[in-house]
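Encoded as structure tokens, the structure appears first; notes follow it.
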Amino acid sequence: MSLLNPTTESGRTALDRIRDAPERALLAFDFDGTLAPIVPDPRDSRAHPGAVPALSALARRVRAVAVVTGRPAAVAVEYGGLDAVPGITVLGQYGRERWEDGRLTVPDPPPGVSTVREALPGLLKQLGAPDGTWIEDKHHALAVHTRRTADPEAALELLRAPLADLAEQAGLAVEPGRMVIELRPPGVDKGAALTDLVSGTGAEAVLYAGDDLGDLAAYDAVERLREQGVAGVKLCSGSTEVTELARRADLVVAGPSGVVAFLEELVAALGG
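Numbering of the sequence shown is given in my numbering, commencing with residue 1252 and proceeding in unit increments.
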């Protein structure tokens, strides 16, 4: 059964346009959970073995290929081997950072990040955060992970309100995710990043693939772009941990392996 079969009319229209005129299409992807399997320690994350070959083949046929991730851009490039994909653009920290042609553009982080960096260890100790809770310092943001605790959901619930209060005091935004709460600069999200990519490339069709709550902003952007005449496909890398994206997607596949299978089938459809 073909994976190139969105369940919505808008999705089918957009995918048809991508197949008919790939040189006018932008393909954009989240990293963790979409191109790379979720692992207990994010530092061990690596792209699915088939991701880079498929992206490389598509990059030679479409207008642009991009990754939009909450990770620092350079980390996503390293962990994914994305520098092997011709002409790829990697937007990190939800669009604050840009990696392109080996060049990395990184603005200074806002002062609230330093405030949170200093406060988080003491706050977690005060709250009695369970063993396995750990802080990932992304330079522009701080993420508190609970996946390695005995009860990740209970740990998230314990931390949710206090971390939201800390973020508000520091002038930062809260980004929930799969067993993680991230405190990051406000005013940037994957939707704005995707919209800028479409504008900058002049794409007339866009596909965005994601798996987590942070990708909902990109889904919103796809829907707004449709109203402006840009055909769009919302692809979901499905999981049991996050189901909201699946409800809004035009097409759901089985995790990163399903995303890669979809890309390989698209390569074949484009004559790869």
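For each residue, glycine too, the CB sits at the ideal point set by N, CA and C. Computed from a predicted structure; not experimentally measured.
Exercise. Rounded to the nearest angstrom, how far is the Cβ of Gly1506 from that of Ser1490, given a contact under 8 Å?
Worked result: With 8 Å as the limit, Gly1506 and Ser1490 qualify as a contact, their Cβ atoms being about 6 Å apart.
Exercise. Per DSSP, His1396 forms a beta bridge with which residues?
Worked result: Residue pairing by DSSP places His1396 opposite Trp1385, Val1431 in a beta bridge.
Exercise. Between the segment 1304-1322 and the segment 1436-1450, do at least 3 Cβ pairs fall closer than 8 Å?
Worked result: Using a Cβ-Cβ distance cut-off of 8 Å, the segment 1304-1322 and the segment 1436-1450 are in contact, since at least three pairs of beta carbons, one from each stretch, lie closer than that value.
For this session: Inspect the beta-carbon positions of Arg1435 and Asp1463 and report whether they are closer than 8 Å.
Result: Cβ atoms of Arg1435 and Asp1463: not closer than 8 Å.
Problem set entry | DSSP bridge partner residues for Ala1482 (one or two, in chain order) | Its beta-bridge partners are Ala1456.
Exercise. Ends of the beta strand (DSSP E) at Thr1340?
Worked result: Judged by DSSP secondary structure, Thr1340 falls within the beta strand (DSSP E) whose first and last residues are 1340-1343.
Exercise. Quick one: Cα of Ser1261 to Cα of Phe1280, how far?
Worked result: C-alpha separation (whole angstroms): 19 Å.
Problem set entry | Beta-carbon proximity of Val1518 to Leu1309, cut-off 8 Å | In contact: Val1518 and Leu1309 (Cβ atoms closer than 8 Å).
For this session: Compute the Euclidean distance between the alpha carbons of Leu1417 and Tyr1345, then round it to the nearest angstrom.
Result: Rounded to whole angstroms, Leu1417 to Tyr1345 spans 20 Å at the Cα level.
Exercise. On the three-state DSSP scale, how would you describe Arg1475?
Worked result: It is helical.
Exercise. Quick one: Cα of Leu1410 to Cα of His1390, how far?
Worked result: One C-alpha to the other measures close to 21 Å.
Problem set entry | Anticipated Cβ contact below 8 Å, Leu1286 with Ala1298, distance rounded | Between Ala1298 and Leu1286 the Cβ distance is about 5 Å, and since that is below 8 Å, they are a contact.
For this session: Determine, using beta carbons only, whether Ala1421 and Thr1366 come nearer to each other than 8 Å.
Result: Less than 8 Å separates the beta-carbon of Ala1421 from that of Thr1366.
Problem set entry | Nonlocal neighbours in the same chain, by C-beta distance under 6 Å from Ile1269, ignoring five residues either side | Closer than 6 Å at Cβ, skipping near neighbours: Ala1276, Ala1456.
For this session: Starting from the C-beta of Asp1501, find all residues in its chain whose C-beta is less than 6 Å away, skip the five residues before and the five after it, and write them out in chain order.
Result: So the qualifying residues of the chain are Pro1257, Thr1259, Gly1262, Val1484, Lys1485.
Exercise. Does DSSP put Thr1446 in a helix, a strand or coil?
Worked result: It is helical.
Exercise. Do you know offhand how far Ala1574's Cα is from Asp1292's?
Worked result: The structure shown does not extend to residue 1574, since the chain is modelled only from 1252 to 1523, so the question has no answer here.
For this session: Note down the Cα distance separating Val1303 from Ala1370, rounded to an integer number of angstroms.
Result: The straight-line gap from Cα to Cα measures roughly 39 Å.
Exercise. With DSSP run on the structure shown, which of helix, strand or coil describes Asp1463?
Worked result: DSSP places Asp1463 in the coil class of the three-state scheme, outside both helix and strand.
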